[in-house]
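Quick notes on the structure that follows.
Residue numbers (mature numbering (1 follows the signal peptide of the UniProt record, and there is no 0)): -20 to -1, 1 to 224.
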């Protein structure tokens, strides 16, 4: 059976990727989110001929989130760029040690070093998000300040739904220490969101500089991949092209 006939039968494209350097991109969302917000970036990258996957983090523990990401990475055939937003940056820092990963992209993301935890890291420049505790260990972002703090450059009806669908996180997740940091061995690219009210731009710059991460500034809220999908995709494509 020819490749064209097979493609017609299974309803997939057999187009050759526009970039020969990396063939796959894996997207990882941040804390209390889900993968659906990546859709605009996904569409842009797919139009370039790349295979794109989006991880759904369970948020049951840091270890479980890393494992979920590793499972998606094991499905990739060929060089892969691993992308994380916010807390997702912490996840890709450890999951990115998988051999298939050739470059990392931090989208307004935490970039810890091995031995650190996120609580200690954020104390350098304290995060400003308001939390609503669901019990002694679990929280979601406060609905009262969600729009203005997390995504002031998105329509309020969008952020209202994001708040209503927030996935609970545990405090313990931010206290777990990292065993590995893939950025020591692999090239990294980072987006500084200059209007960020969740992770201070100063913290992003400090961690990116420490890691030797190539940095791009975007005037945006924390949810840059939703409010500025093309600019976010452009940084990811830089990483794709960098892979040897």
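Glycine is no exception: its CB is placed at the ideal position from the N, C-alpha and C atoms. Being a predicted model, the structure only gives us computed values, none of them experimental.
Within 10 Å of its beta-carbon, does residue 168 have 16 or more other beta-carbons around it, so buried, or fewer, so exposed? Under this definition residue 168 is a buried residue.
Let me confirm a value: residue 137 is counted as buried when at least 16 other C-beta atoms fall within 10 Å, else exposed. Which label applies? Sixteen is the threshold: since fewer than 16 other Cβ atoms of the shown chains lie within 10 Å of the Cβ of residue 137, the residue is exposed.
In the structure shown, what three-state DSSP assignment does residue 209 receive? Taken through DSSP and simplified to helix, strand or coil, residue 209 comes out as helix.
Delimiting residues of the alpha helix (DSSP H) encompassing residue 68: Annotation for residue 68: the continuous alpha helix (DSSP H) segment containing it runs 67 to 75.
Note down, in chain order, each residue of its chain lying with its Cβ closer than 8 angstroms to the Cβ of residue 113, except the 5 sequence neighbours on either side. Result list for residue 113: 119, in chain order.
Pairing CB atoms from the region 82 to 97 with CB atoms from the region 48 to 68, are three or more of them under 8 angstroms? Remark: three or more beta-carbon pairs, one from each stretch, lie closer than 8 angstroms, so the region 82 to 97 and the region 48 to 68 are flagged as touching.
Which residues mark the beginning and the end of the beta strand (DSSP E) in which residue 112 is found? Taken as a continuous stretch (DSSP letters only), the beta strand (DSSP E) holding residue 112 covers 111 to 113.
Which residues mark the beginning and the end of the beta strand (DSSP E) in which residue 199 is found? Annotation for residue 199: no beta strand (DSSP E) segment contains it, and DSSP assigns it neither H nor E.
Count the C-beta pairs between the region 1 to 9 and the region 28 to 43 that are closer than 8 angstroms, then say yes if the count reaches three, no if not. They touch, by the three-pair rule.
Thinking C-beta only, is residue 97 closer than 8 angstroms to residue 156? Yes, they are a contact pair.
Per DSSP, which residues does residue 86 bridge with? Please list them. Per DSSP, 64, 170.
From residue 42 to residue 135, what distance separates their C-alpha atoms? In this structure, the alpha-carbon of residue 42 lies about 31 angstroms from that of residue 135.
Return helix, strand or coil for residue -10, following the three-state DSSP convention. For residue -10, the predicted structure reports a pLDDT of 37, less than 50, and the residue's modelled location is therefore unreliable. A value from the coordinates is still provided. Correct three-state label for residue -10: coil.
Taking residue 196 and residue 215 to be in contact with their CB atoms under 8 angstroms, please state how far apart those CB atoms are, rounded to whole angstroms. Correct: roughly 5 angstroms between the Cβ atoms.
Report buried or exposed for residue 99, applying the criterion of at least 16 other Cβ atoms within 10 angstroms of its Cβ. Residue 99 counts as exposed, since fewer than 16 other beta carbons sit within 10 angstroms of its beta carbon.
Taking the straight line between their C-alpha atoms, what separation do you get for residue 150 and residue 12? Near 10 angstroms, if we compare the C-alpha coordinates of residue 12 and residue 150.
Exposed or buried, what is residue 23 when buried is set at 16 or more other beta-carbons lying within 10 Å of its beta-carbon? Of the other Cβ atoms in all chains shown, fewer than 16 fall within 10 Å of the Cβ of residue 23; this residue is therefore exposed.
Can you give the Cα-Cα distance for residue 126 and residue 143, rounded to whole angstroms? One Cα belongs to residue 126, the other to residue 143, and the distance between them is close to 7 angstroms.
Under the three-state reduction of DSSP, which class applies to residue 35: helix, strand or coil? The DSSP-derived three-state label of residue 35 is strand.
From the DSSP secondary-structure annotation, give me the bridge partner or partners of residue 119. Beta-bridge pairing links residue 119 to 113, 149.
Distance, Cα to Cα, residue 190 vs residue 20? If I take the Cα positions, the gap works out to 30 angstroms.
Where does residue 221 fall in DSSP's three states? DSSP places residue 221 in helix when its eight states are reduced to three.
Answer yes or no: do residue 121 and residue 110 have a C-beta to C-beta separation smaller than 8 angstroms? Going by C-beta atoms, residue 121 is nearer than 8 angstroms to residue 110.
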